[in-house]
Amino acid sequence: MILVFVLPVVFMLLLGSIFCIHVYTDVKERSFVTQSIATLTVFASLCAMFLLPVDVYFLGKSTPDGHDVVKVLYLGIYSFLAISAFAMLPFAYFYYEEEDGMNESLPRAYRSCKYTISFVAAFVFLISALVLFDLHHLLEEDNKSRLLDIFSVIMGIMIAIGHLGWMTYSAYGLAWLPIIMFESRKTSPSRTLASSTPNQDSELVKLHSQEEQLQARYVSLPQSAWSREDRLELAKLQHREAQLALNCDNYAIAQQSPSSPSLANLGRCLVGCLFFLCSVLIATSLVLSVTDKVINSKCGFFCGYKSDQTLPNPIDMLLSYASLAFPLDFICFAFIALYLFLATLTGLVQLGVRIVFIKLYNIRAYRTKQNALLMAVWLIVFVLLAVNVQTLVLAPHYASFGSQTVVGDDGRNQPCQFNDAGRNCQVSELFKLDQLLSDNMPLLGGLLFFSNIAMLLVYFATTIWTCCTKNRRDLAHLRDIEDTDDLAEYLVS
Numbered sequence: 003m004i005l006v007f008v009l010p011v012v013f014m015l016l017l018g019s020i021f022c023i024h025v026y027t028d029v030k031e032r033s034f035v036t037q038s039i040a041t042l043t044v045f046a047s048l049c050a051m052f053l054l055p056v057d058v059y060f061l062g063k064s065t066p067d068g069h070d071v072v073k074v075l076y077l078g079i080y081s082f083l084a085i086s087a088f089a090m091l092p093f094a095y096f097y098y099e100e101e102d103g104m105n106e107s108l109p110r111a112y113r114s115c116k117y118t119i120s121f122v123a124a125f126v127f128l129i130s131a132l133v134l135f136d137l138h139h140l141l142e143e144d145n146k147s148r149l150l151d152i153f154s155v156i157m158g159i160m161i162a163i164g165h166l167g168w169m170t171y172s173a174y175g176l177a178w179l180p181i182i183m184f185e186s187r188k189t190s191p192s193r194t195l196a197s198s199t200p201n202q203d204s205e206l207v208k209l210h211s212q213e214e215q216l217q218a219r220y221v222s223l224p225q226s227a228w229s230r231e232d233r234l235e236l237a238k239l240q241h242r243e244a245q246l247a248l249n250c251d252n253y254a255i256a257q258q259s260p261s262s263p264s265l266a267n268l269g270r271c272l273v274g275c276l277f278f279l280c281s282v283l284i285a286t287s288l289v290l291s292v293t294d295k296v297i298n299s300k301c302g303f304f305c306g307y308k309s310d311q312t313l314p315n316p317i318d319m320l321l322s323y324a325s326l327a328f329p330l331d332f333i334c335f336a337f338i339a340l341y342l343f344l345a346t347l348t349g350l351v352q353l354g355v356r357i358v359f360i361k362l363y364n365i366r367a368y369r370t371k372q373n374a375l376l377m378a379v380w381l382i383v384f385v386l387l388a389v390n391v392q393t394l395v396l397a398p399h400y401a402s403f404g405s406q407t408v409v410g411d412d413g414r415n416q417p418c419q420f421n422d423a424g425r426n427c428q429v430s431e432l433f434k435l436d437q438l439l440s441d442n443m444p445l446l447g448g449l450l451f452f453s454n455i456a457m458l459l460v461y462f463a464t465t466i467w468t469c470c471t472k473n474r475r476d477l478a479h480l481r482d483i484e485d486t487d488d489l490a491e492y493l494v495s
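Numbering (the numbering used here), first residue to last: 3 to 495.
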């Protein structure tokens, strides 16, 4: 039964990954290698998130093979994500970074291999340093336990990096995504008048033709081969084209019948309300879980604020009751997981790829450069791994026990509690992974606890900021020009 439902979901995730990468890839720089690696990585990241309902489905069932399959899937997908994050994506990144003045594939591949090996060596050195802290413990274990410990350290590092994106990109996206849907496209009278001129379409065609002629001079040449004058001219043409396209959109909206904008705005408002409720639901569940850890944890920071008792929260209750009738919990979980992915993607698009406050790349539909796309996918891997672990915070009972019950002292069936874990109740493979992380990296739980507090602060601050600032949609065309340095130089000149 579960295969009949899961296989179409996997196929839809693959199609969604292909579509997502296709939309954000620069139409002039499409590469089979880049798109393949990026698509497979995003697909594997989404599959890692969607494993939890399958994991929960086998809890309490006398199907040991099902548990083994889920465990193998977790290990296989997580291992692939680690290889992709620390080998495949860096190789592709360095490969396209080395194209300046070098069009031959073999020298570029050789250099990218050198840089990738250096990157992997640095990561292996970091892992070795962490493992050496517990060398005596590792020497006493068998090979299988050592591999699991090393695997947990790698996952712990990736999840810790992902929480940096969780408390920035995801928090920003959760606050910004509903606001985008609530905003209605405002038209300016002067622009509507300007766009009503009969030469508007012909001017757009002329600008597009000039861009193609200019780009034809440097066909198959890297961006660095362009002269300064031509780069400024291209920025000028793109700037003007974006302005005219915006005017045309405003004029088209103004010419529509009165009922059309009303229906469109009503649809946007309904979706915005749904997104807003989803964001509030996630924030509320996170607040309740953090509060519970503060109140009930007996060991504090050094055990990651673990607590045996948990306050009820809406997401946990929703998924726990839905798990009684599979695939209802799968559907609810899929909506929440996809919304978190969409929020993270929205945060990436709005903020760009950054290191602290330094903006490295813009992420734009059909205008994202190869290196920017690879860096964005690299970040998404870590963030989605962090989101996967966050399900144990957002829905602790569901993610740990599913719909399992135990017979209480009064003879009634009661939901499993954490003191029943491993004895009267089976636990999920994700819960076991979290326990393995806690045993090998005890400080990680405390850091993740404070990252959730930071995430909530960023979410509430961004919500207040977006509600208080005026609509800046009319300036969005400035971000659509791919080379922001050339645009800035053009505007200054």
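From the three backbone atoms N, C-alpha and C, an ideal C-beta is built for every residue, glycine too. Given the structure is predicted, the values throughout are model-derived calculations rather than measurements.
With DSSP as the reference, please indicate the residues paired to residue i in a beta bridge.
{"i": "Val-355", "result": "Tyr-363"}
{"i": "Gln-416", "result": "Val-408"}
Report buried or exposed for residue i, applying the criterion of at least 16 other Cβ atoms within 10 angstroms of its Cβ.
{"i": "Ser-287", "result": "buried"}
{"i": "Ser-168", "result": "Here residue 168 is Trp; the residue named in the question, Ser, does not match the sequence. The residue is buried, with at least 16 neighbouring Cβ atoms inside 10 Å."}
{"i": "Gln-416", "result": "exposed"}
{"i": "Pro-314", "result": "exposed"}
{"i": "Met-443", "result": "buried"}
{"i": "Thr-465", "result": "buried"}
{"i": "Gly-78", "result": "exposed"}
{"i": "Trp-467", "result": "exposed"}
{"i": "Lys-371", "result": "buried"}
{"i": "Pro-10", "result": "exposed"}
{"i": "Thr-393", "result": "buried"}
{"i": "Lys-208", "result": "exposed"}
{"i": "Phe-304", "result": "exposed"}
{"i": "Asp-441", "result": "exposed"}
{"i": "Gly-1", "result": "The displayed coordinates of the chain run from 3 to 495. Any statement about residue 1 would go beyond what the structure contains."}
{"i": "Gly-158", "result": "buried"}
Go to residue i, then tell me how far its beta strand (DSSP E) extends in each direction, as first and last residue.
{"i": "Val-409", "result": "407-409"}
Compute every distance between the C-beta of residue i and the non-hydrogen atoms of the ligand NAP, then say whether any falls below 7 Å.
{"i": "Ala-374", "result": "The model on display carries no ligand, and the ligand NAP is accordingly not part of it."}
Output the distance between the C-alpha atoms of residue i and residue j, rounded to the nearest integer angstrom.
{"i": "Tyr-174", "j": "Glu-185", "result": "17 Å"}
{"i": "Val-496", "j": "Phe-343", "result": "Any question about residue 496 goes unanswered here, given that the chain covers just 3 to 495."}
{"i": "Asp-232", "j": "Phe-34", "result": "28 Å"}
{"i": "Gly-413", "j": "Asn-426", "result": "15 Å"}
{"i": "Ser-291", "j": "Met-457", "result": "13 Å"}
{"i": "Ser-453", "j": "Gly-302", "result": "15 Å"}
{"i": "Ser-86", "j": "Thr-27", "result": "19 Å"}
{"i": "Met-14", "j": "Tyr-341", "result": "15 Å"}
{"i": "Gly-306", "j": "Leu-446", "result": "7 Å"}
{"i": "Val-71", "j": "Cys-115", "result": "34 Å"}
{"i": "Ser-38", "j": "Leu-350", "result": "21 Å"}
{"i": "Phe-433", "j": "Leu-54", "result": "10 Å"}
{"i": "Ala-336", "j": "Glu-213", "result": "43 Å"}
{"i": "Ile-357", "j": "Leu-439", "result": "26 Å"}
{"i": "Leu-330", "j": "Tyr-323", "result": "9 Å"}
{"i": "Ser-198", "j": "Ala-244", "result": "Caution is warranted here: a pLDDT of 46 is assigned to Ser-198, below 50, making its placement in the model unreliable, and no coordinate value can be reported."}
{"i": "Ser-211", "j": "Leu-362", "result": "30 Å"}
{"i": "Val-408", "j": "Thr-43", "result": "40 Å"}
{"i": "Val-6", "j": "Gly-68", "result": "15 Å"}
{"i": "Ala-247", "j": "Met-183", "result": "21 Å"}
{"i": "Gln-215", "j": "Glu-235", "result": "12 Å"}
{"i": "Tyr-95", "j": "Arg-32", "result": "14 Å"}
What are the start and end residues of the alpha helix (DSSP H) that includes residue i?
{"i": "Tyr-512", "result": "The structure shown does not extend to residue 512, since the chain spans only 3 to 495, so no value can be given for it."}
{"i": "Gly-175", "result": "173-184"}
{"i": "Tyr-220", "result": "From DSSP, Tyr-220 is part of no alpha helix (DSSP H); its letter is neither H nor E."}
{"i": "Gly-18", "result": "4-26"}
{"i": "Ser-299", "result": "Ser-299 -> no alpha helix (DSSP H), and no H or E assigned at all."}
{"i": "Val-58", "result": "34-59"}
{"i": "Ala-388", "result": "372-396"}
{"i": "Leu-320", "result": "316-324"}
If we define contact as Cβ-Cβ less than 8 Å, is residue i a contact residue for chain D?
{"i": "Phe-452", "result": "Chain labels in this structure do not include chain D; a single protein chain is all it has."}
Practice task
Answer yes if the segment 16-33 comes into contact with the segment 54-73, meaning at least three C-beta pairs across the two stretches below 8 Å, and no otherwise.
Solution key: By the Cβ criterion, the segment 54-73 is not in contact with the segment 16-33, since fewer than three pairs of Cβ atoms, one from each stretch, lie closer than 8 Å.
Exercise for the section: Tell me, please, whether the segment 86-93 touches the segment 398-416 by the rule of three or more beta-carbon pairs shorter than 8 Å. Expected result: no
Handout entry: contact_flag[the segment 377-387, the segment 150-168] where n(CB pairs < 8 Å) is 3 or more
Key = yes
Exercise for the section: Would you check if there are 3 or more beta carbon pairs closer than 8 Å linking the segment 362-371 to the segment 266-285? Expected result: When C-beta atoms of the segment 362-371 are compared with those of the segment 266-285, fewer than three pairs fall below 8 Å, so the two segments do not count as touching.
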